[in-house]
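Residue numbers (our numbering), protein chains in the order written: chain A, -6 to 107; chain B, 1291 to 1404.
Below is the structure:
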């Protein structure tokens, strides 16, 4: 099955700085990579996703890049704000007949200091 | 358009009791997924259901756990004879399509076993 590694496990930045979270995956045939933001005690919320036919996707201050050859993808948050503080999870779908199954990384606790 | 609904939000059970967790998918979504989240861990896939069918239960323990998604009503995750190790947050998600599609999460049920 798929294995997803996520780094770092904690990240502290100053307001206005950029934050980068990286994930690697094991299944070279995986084709869908979502990122979720989870605030304490809340539901995971999709913030951006990317499919394997593109290398980069941007939505305002958030961007995701995908390197299929190296099997890694990254989340970039620019001009961070205190409300960006949360746990961020990357995920990847398994390939083939199980491509509905999301495998999650262990999460990155992002703290944005005002 | 209401999002994914789960109830109860918090559930306390004593060892040996049964826990029943409910999930109503978003309107128009016929695919339901259950995930378990242990403290400071990512979400782990448990089971994938469509109406009246269990498609993949490979992530669900073979004993004491069962899931259903009847023709009418919410999806149910049932845990019999709960043990302390079952304490976790249980999230369900739904999607309109099956293959590598966006999954929208409910608020979760936090199960505490005393």
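The beta carbon of each residue, even a glycine, is placed where N, CA and C say it ideally should be.
The structure displayed is predicted, hence computed values, not measured ones.
Taking C-beta atoms under 8 Å as the contact rule, residue 86/A and residue 99/A fail to qualify, at a distance of about 17 Å. Straight through space, the alpha carbons of residue 1316/B and residue 1378/B are spaced by roughly 23 Å.
By the rule that beta-carbons nearer than 9 Å mark a contact, residue 1399/B does not touch chain A. Under the three-state reduction of DSSP, residue 76/A is assigned to helix.
Taking one beta carbon from each stretch, the stretch 66 to 77 of chain A and the stretch 5 to 13 of chain A have 3 or more pairs nearer than 8 Å; the two touch. Listed in chain order, the positions of the stretch 1315 to 1347 of chain B with a beta carbon within less than 9 Å of a beta carbon of chain A are 1321, 1323, 1325, 1327, 1330, 1331, 1332, 1333, 1334, 1335, 1338, 1345, 1346. Contact annotation for residue 48/A against chain B: no contact, minimum CB-CB distance about 17 Å [criterion: below 7 Å]. Of the candidates 102/A, 103/A, 107/A, 84/A, the residue whose Cα lies closest to the Cα of residue -4/A is 84/A. Sequence-ordered contacts of the stretch 74 to 85 of chain A with chain B read 82 [C-beta pairs closer than 7 Å].
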